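Undergrad: Residue numbers (the numbering used here), protein chains in the order written: chain A, -12 to 684; chain B, 5 to 83.
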Amino acid sequence: MPIKGPYVLGVAEKPQAASRLARALDENKKPVLKKIKGVPVYISLRDGKKIVIVPAVGHLLTLSPLSKSWNYPVLDYHWVPSHITNSKSRTKNFVDAFKSLSKEASEIIVMTDYDREGEVIGFLILKYLLGKNKAERMKFSTLTTRDINEAYSKRSKQLDIGFLNSGLLRHYVDWLYGINYSRALSLALKRVSNRFKTISIGRVQGPTLGAVVNLENEINIFVPIPFWTIESEAIISKKKFIVFYEKTKLSKEKEANEIVKDCQNLVGIVTDISEEQTPQYSFPPFNLGDLQRESYKHFKYSPSKTLKIAEALYLKATISYPRTDSQKLPMTLGHKTILTKIGKQTVYGSFVVEILNRKKFKPREGRRTDAAHPAIHPTGKPPIALNSKEKKLYDLIVKRYLALFGKPASISRKKIEIKVNSHKFEVRGSQIIEEGWIKYYKPYFYMNESSIPDIALNSQVNFSFIESKEDFSSPPRRFNESTLLNKMEEEKIGTKATRAGIIETLFSRGYIKGSEIKPTPLGTAVVGVLNSHYPVLIKSDMTRELETTMEEVQEKQSNIDEILISIKKDLRDMLKLFHENETNIGISLYENLLNLEKKEPVLIGKCSECKIGDLRIIKSKKSGKRFIACSAYFDKTINCTVTFPLPSYGTIKPTDKKCPFDGLPMVEWRTGRTKRVMCISMDCPSKANIKGGKKSG
Amino acid sequence: MDDIKCKICQDKIDKSSGKFCFNHKLAKTKLQNGYELWLKAYDSLPYDDFLQRLLDLGDLVGAFVKDLAEFELYFQETK
Ligand SMILES: [Zn+2]
Ligand SMILES: [Zn+2]
Ligand SMILES: [Zn+2]
């Protein structure tokens, strides 16, 4: 049944947000829920006006090429409803709901999240589904009743041009790069090999993947170098303490041995004592990047997971909008009210009382700012019906917030210098003298305390041992999702809102894998080819420049038509260069892929003998015969000599099956059209009656 | 045939090395530089001992370097 006009039409970003908006705006906090083609639509009454609030589900429209030919460059596009280009998209009913409501709408208010994406979502619905070109804009940072009402009464007369233009520009640029390079790479491969495989690499994905592959290349050629450390332990007032030698690393064995020899009487003299108390201030308020890092550190949640959980908390109106760069919390947020409300939760109650009892309370802030939102903070709304992950993240956010109001902690650091003959050693102790904010932030702040007993200058100290230890330098550490995100921030590629998603795409496209991120053979192959024939897609420079351009558009609210013309021109030139190089790129891609298929390590399973090595198919370098051997053969300490012979013809592939007789891995053996799944052991009882190669499976 | 493929991985050889592919050539250079540093650290150390001790370090050693050390230790006829 249609809704009778005239009404104000509100565009929300998601159904859950629509419900909160409607409840807050309705005079009696009881909006009427109607369904249009299954889409929840809310009708609120306010000041004698009807406000109809309709949700989107993120983007309802998508870019699509104007031309149908499968070639490049593609420089012309238009917006179409997503369900038209992608049959899996479930957005048709939402599109229909908006269309059906446009006629009787007297005014439009965009109520999407206040940032670039929100602006773009609202604008596209306004222009292409509602057929209008003017809308008012509500801007809010939390979905609390207070903020929604304030945003309604202070709503601006138009959309935010800076956000809108920079958001649109990002869509155009990413779409242009994505479609053109995906086509260019796939066609390059097809023209030389007649094989079709979609190979796509986005504008920000390229340099991100490049960073992973470059690091792996470094790890692959890493040679550990020996060094020595001096390890020692002293006894002060009958307690044992670790003692640090003046040089942390020694590069020669001889030098290390000489030091140990010089100190063999194990007696030293206290030559200096120093103690200082330093204040330690609380960490700044959370912006998205900091929250993602801290959440990874304590809960091991990936950045994209943290963002999802934070969004859920935002939609429940328990925290403010999480897509923010800001480390600022202005007093206008009403901290006293927020604190008072948080204090009603028993876990935080006593902390809040302490904070509110102080005459002055002002949160500590960081340096970074954001055009639209303050730092992430709790709203004070009771956290009801949170799942366990949401509870954890909520606790972290609340405690971080409370810590901002705490006094600085005071930490005492004490050092005792001990000389053994001419060698200097040091005992270090640290102690929290005053807890301050740390009390509120526990258990997310932890310090290993150790207090050193008082000792007089020139007194004698006995060591329990002074020894040298051989060690080796380690290869650089692989990225995890959190450190890869840091790397992207450092390189200034992507934005707070997109970085986590880009990492996720690299995983889903099969370019990277693992929690200690490694490139897959495919990822390595693609980067290898681009590095030697077309590095611009792997280096950060071009991507970073585009990011700067987009930032400027936001700040200056500039028109993007001219910028787009010049971006398209650059892209056309780059693609021309690609085209000239197409054969080389194609050949090299093809060779890399072939090699990859050949070298895909044929792992058969774990070795049941040594339980450490992997069983793998290898070819004898002398006889050329293949067999299964344990990878721990080369490990001197294990030297596992397990081998299993293999038939000399046909192809052998691993399976995930285990032999029911002896638990050994089974392989698939294919010759011509015959296929057998068999145990790798020659002596296996399963082979007793099928010797001779009877068909099975 | 033997001349155009890497002795270790059967990849195309790198023109400037004559024996190994690009990656294994790079590993060879790193291995040689590494040996010099090990020599300085221990004063004396036969090359084979260096290779063996390197292989004992397991995952600390880069995969291409490990390939090369295995190759030189077990399959190299002339040194
Ligand atoms: Zn084994
Ligand atoms: Zn068996
Ligand atoms: Zn090689």
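Ideal Cβ placement from N, Cα and C applies to all residues, glycine included.
Here the structure is a predicted model, which means the values were calculated and not measured.
Taking only beta-carbon positions, decide if residue 240 (chain A) is within less than 8 Å of chain B.
TA: It does: the Cβ of residue 240 (chain A) has a partner Cβ on chain B nearer than 8 Å.
Undergrad: Against chain A, with Cβ distances strictly below 8 Å, would residue 30 (chain B) count as a contact?
TA: Yes, residue 30 (chain B) lies at the interface with chain A (some Cβ there is under 8 Å from its Cβ).
Undergrad: Under 7 Å between beta-carbons, which chain A residues line up against residue 55 (chain B)? List them in chain order, please.
TA: By Cβ distance, chain A contributes nothing, its closest Cβ being about 11 Å from residue 55 (chain B), past 7 Å.
Undergrad: Could you tell me whether the Cβ of residue 24 (chain B) comes closer than 8 Å to any Cβ of chain A?
TA: False, the Cβ-Cβ gap to chain A never drops below 8 Å.
Undergrad: May I ask which residues mark the beginning and end of the beta strand (DSSP E) holding residue 416 (chain A)?
TA: Residue 416 (chain A) -> beta strand (DSSP E) spans 410 to 421.
Undergrad: If you measure from the beta carbon of residue 46 (chain B) to each beta carbon in chain A, is any gap under 8 Å?
TA: Answer yes: the Cβ-Cβ gap between residue 46 (chain B) and chain A drops below 8 Å somewhere.
Undergrad: Residue 319 (chain A) to residue 4 (chain A), Cα distance in whole Å?
TA: Computed Cα separation, rounded: 23 Å.
Undergrad: Residues of the stretch 437 to 468 of chain A with a CB closer than 7 Å to any CB of chain B: list them in chain order, please.
TA: Hits within the stretch, in order: 459, 461, 462.
Undergrad: So residue 207 (chain A) contacts chain B; which residues on that side make the cut at Cβ distance below 8 Å?
TA: Near residue 207 (chain A) (Cβ distances below 8 Å), the residues of chain B are 27, 31, 66, 67, 68, 69.
Undergrad: Quick check on residue 305 (chain A): buried or exposed, where buried means 16 or more other Cβ atoms within 10 Å of its Cβ?
TA: Per the 10 Å Cβ criterion, buried.
Undergrad: What residues of chain B sit near residue 365 (chain A), judged by a beta carbon separation below 9 Å?
TA: The premise fails here: residue 365 (chain A) is roughly 43 Å from chain B at the closest Cβ pair, so nothing lies under 9 Å.
Undergrad: Hey, quick one: how far does the beta strand (DSSP E) through residue 285 (chain A) stretch, first residue to last?
TA: Here residue 285 (chain A) belongs to no beta strand (DSSP E); instead the alpha helix (DSSP H) covers 275 to 286.
Undergrad: Please compile the residues from chain A whose C-beta is within a distance smaller than 8 Å of the C-beta of residue 15 (chain B).
TA: Within 8 Å Cβ-Cβ: 582.
Undergrad: Cβ of residue 231 (chain A) within 8 Å of Cβ of residue 412 (chain A)?
TA: Cβ atoms of residue 231 (chain A) and residue 412 (chain A): closer than 8 Å.
Undergrad: Does at least one heavy atom of ligand 3 sit under 7 Å from the Cβ of residue 15 (chain B)?
TA: Indeed, a heavy atom of ligand 3 lies less than 7 Å from the Cβ.
Undergrad: Just to make sure I have the definition right: I need the residues of chain A whose C-beta is within less than 8 Å of the C-beta of residue 4 (chain B). Which are they?
TA: No answer is possible for residue 4 (chain B): the residues shown for chain B start at 5 and end at 83.
Undergrad: With a threshold of 7 Å (Cβ to nearest heavy atom), would residue 208 (chain A) be considered close to ligand 3?
TA: Checking every heavy atom of ligand 3 against the Cβ of residue 208 (chain A), none is found closer than 7 Å.
Undergrad: Going by alpha carbons, who is nearest to residue 640 (chain A) out of A:613, A:57, A:123?
TA: That would be A:613, whose Cα lies nearest to the Cα of residue 640 (chain A).
Undergrad: Please tell me whether residue 32 (chain B) and residue 72 (chain B) are closer than 8 Å, where the distance is taken between their beta carbons.
TA: Closer than 8 Å, so yes.
Undergrad: Using a Cβ-based criterion (distance less than 7 Å to any ligand heavy atom), does residue 591 (chain A) qualify as near ligand 3?
TA: The answer is no for residue 591 (chain A).
Undergrad: Out of A:-6, A:348, A:23, A:-8, which has the shortest C-alpha to C-alpha gap to residue 2 (chain A)?
TA: The shortest Cα separation from residue 2 (chain A) among A:-6, A:348, A:23, A:-8 belongs to A:23.
Undergrad: Does any CB atom of chain B fall closer than 8 Å to the CB of residue 624 (chain A)?
TA: Yes - at least one Cβ of chain B is within 8 Å of the one on residue 624 (chain A).
Undergrad: Please look up how many angstroms separate the CB atoms of residue 397 (chain A) and residue 194 (chain A), rounded, as I've assumed it's under 8 Å.
TA: At roughly 44 Å, the Cβ-Cβ gap does not stay under 8 Å, so residue 397 (chain A) and residue 194 (chain A) are not in contact.
Undergrad: Which term fits residue 604 (chain A), buried or exposed, when burial requires 16 or more other beta carbons within 10 angstroms of its beta carbon?
TA: By the 10 Å Cβ count, residue 604 (chain A) comes out buried.
Undergrad: Apart from the five residues just before and just after residue 9 (chain B), which ones in its own chain have a Cβ nearer than 6 Å to its Cβ?
TA: Excluding sequence neighbours, residue 9 (chain B) sits near nothing in its chain.
Undergrad: Compare the C-beta of residue 213 (chain A) against all C-beta atoms of chain B and say whether one is closer than 8 Å.
TA: Yes, because at least one Cβ of chain B sits closer than 8 Å to the Cβ of residue 213 (chain A).
Undergrad: Comparing the C-beta of residue 41 (chain B) with each C-beta of chain A, is any distance below 8 Å?
TA: Chain A contact via Cβ: present.
Undergrad: Among the residues of its own chain, which have a CB less than 7 Å from the CB of residue 365 (chain A), if the five just before and after it don't count?
TA: Excluding residues within five positions, the ones whose Cβ falls inside 7 Å are 305, 306, 325, 329, 384, 385, 388.
Undergrad: From this set, A:456, A:117, A:238, A:-5, which residue's C-alpha is nearest residue 93 (chain A)'s C-alpha?
TA: Measuring from the Cα of residue 93 (chain A), the nearest candidate turns out to be A:-5.
Undergrad: CA-CA distance, residue 311 (chain A) and residue 175 (chain A)?
TA: Their Cα atoms are separated by approximately 40 Å.
Undergrad: Kindly indicate the opening and closing residues of the beta strand (DSSP E) around residue 215 (chain A).
TA: Segment 213 to 223, the beta strand (DSSP E) holding residue 215 (chain A).
Undergrad: Going by the beta-carbon positions, is the gap between residue 673 (chain A) and residue 646 (chain A) smaller than 8 Å?
TA: In this structure, residue 646 (chain A) lies closer than 8 Å to residue 673 (chain A) by Cβ.
Undergrad: Would you decide whether residue 57 (chain A) is buried or exposed? Buried here means 16 or more other CB atoms lie within 10 Å of its CB.
TA: Label assigned to residue 57 (chain A): exposed.
Undergrad: Hey, quick one: how far does the alpha helix (DSSP H) through residue 27 (chain B) stretch, first residue to last?
TA: Its alpha helix (DSSP H) spans residues 26 to 46.
Undergrad: Within 8 Å, do at least three Cβ pairs link the stretch 114 to 128 of chain A to the stretch 164 to 179 of chain A?
TA: No: the two stretches stay apart, fewer than three of their Cβ pairs being nearer than 8 Å.
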